Amino acid sequence: MMKHVKLDGATYEFPIGKILCIGRNYVDHIKELGNEAPDAPVIFMKPSSAVIDDGGTVVIPSYSNDCHHEAELALLIGKTGKNIPAEKVMEHVAGFGVALDLTLRDVQSEQKKKGLPWEIAKGFDSSCPLSSFVSAAQVPDPQNLTIRLTVNGELRQDGCTAMMIHPIADLVSHMSRIFTLEPGDIILTGTPAGVGPLRHGDAVQAEIPQVGKLRVNVIQMTVMD
Ligand code: MG
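Its first residue numbered 187, the sequence shown is counted upward by one per residue in our numbering.
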């Protein structure tokens with residue numbers, strides 16, 4: 187079934203297109219995973235079937251025992267663009283939302299070791315919870331937003347979008363040279379430090395004041411369904 191995303195105040199719901207993500211976009215998060223800072227942005231995608239709404243349930247697949255939360259600022263593309271210059275990027279951003287880039291860290295580590303792609307660690311069903319989006323006009327300074335995540339009320343991530351290595355303008359410009367951006371595409375801009383495992387029964391809340399809140403609960407599958 188086609189998934190849609192709501193933009194506050196709009197009558198139209200965007201059908202979700204591709205979901206482009208950047209890895210390692212905050213220095214403190216690179217350090218906590220012991221990764222090297224990449225020269226070029228590390229880009230990957232999630233399928234739209236990975237999206238669940240606010241209030242939904244994350245289902246950790248049985249082939250993982252280490253699903254990490256990554257709270258991220260999400261962008262909603264509102265206008266088609268290719269080779270977008272950095273200074274024109276905001277003309278293509280319709281709104282901002284809160285996302286989780288859920289990552290099966292054990293599976294991803296195994297894939298990295300073997301030089302294999304990450305989709306089974308990053309794109310499984312329910313791996314991309316998304317809040318509703320606020321219009322870009324309501325967020326005058328997207329590079330100065332606090333990102334917080336709690337698990338069962340305990341603070342785990344507390345970062346600021348000012349800490350991005352590749353800020354939104356550069357990141358979206360770069361992505362648009364590789365992928366034509368289309369209305370309904372979503373961009374996840376990376377996570378600050380504090381990522382960690384989720385367990386069966388956890389209640390997760392990610393928040394970006396001025397943008398929104400996202401709440402999900404977590405179920406761990408133990409046998410292949
Ligand atoms: Mg991420």
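Don't be surprised by glycine CBs; every beta carbon is placed ideally from N, CA and C.
Bear in mind that the values here come from a model prediction, so they are computed numbers and not experimental data.
If you measure between the beta carbons of residue i and residue j, is that distance less than 9 Å?
{"i": "G281", "j": "V402", "result": "no"}
{"i": "I208", "j": "A236", "result": "no"}
{"i": "G380", "j": "M350", "result": "no"}
{"i": "D356", "j": "A272", "result": "yes"}
{"i": "I394", "j": "R334", "result": "yes"}
{"i": "V358", "j": "V275", "result": "yes"}
{"i": "V404", "j": "H386", "result": "yes"}
{"i": "A392", "j": "L286", "result": "yes"}
Please report the straight-line C-alpha distance between residue i and residue j, rounded to a whole angstrom.
{"i": "Y249", "j": "E256", "result": "19 Å"}
{"i": "M265", "j": "V244", "result": "The sequence shown places Lys at residue 265, rather than the Met named in the question. Those two C-alpha atoms are separated by around 30 Å."}
{"i": "R210", "j": "P201", "result": "28 Å"}
{"i": "T366", "j": "L259", "result": "21 Å"}
{"i": "C253", "j": "I306", "result": "12 Å"}
{"i": "Q329", "j": "K300", "result": "35 Å"}
{"i": "E218", "j": "N251", "result": "19 Å"}
{"i": "W304", "j": "I229", "result": "11 Å"}
{"i": "S313", "j": "L374", "result": "12 Å"}
Hey, quick one: how far does the beta strand (DSSP E) through residue i stretch, first residue to last?
{"i": "L341", "result": "340-346"}
{"i": "V293", "result": "Premise fails: V293 lies in the alpha helix (DSSP H), 291-300, not in any beta strand (DSSP E)."}
{"i": "K154", "result": "This structure gives no information on residue 154, because the portion of the chain shown stretches from 187 to 411."}
{"i": "T243", "result": "243-246"}
Count the other CB atoms, across all protein chains shown, that sit within 10 Å of the CB of residue i; report buried if there are 16 or more and exposed otherwise.
{"i": "R291", "result": "buried"}
{"i": "Q324", "result": "exposed"}
{"i": "M187", "result": "exposed"}
{"i": "K232", "result": "buried"}
{"i": "T289", "result": "buried"}
Which first and last residues belong to the alpha helix (DSSP H) in which residue i is found?
{"i": "R363", "result": "354-364"}
{"i": "I216", "result": "213-219"}
Do we get a CB-CB distance below 9 Å when we pair residue i with the residues of chain D?
{"i": "G387", "result": "The question asks about chain D, but that chain is absent: this structure has only one protein chain."}
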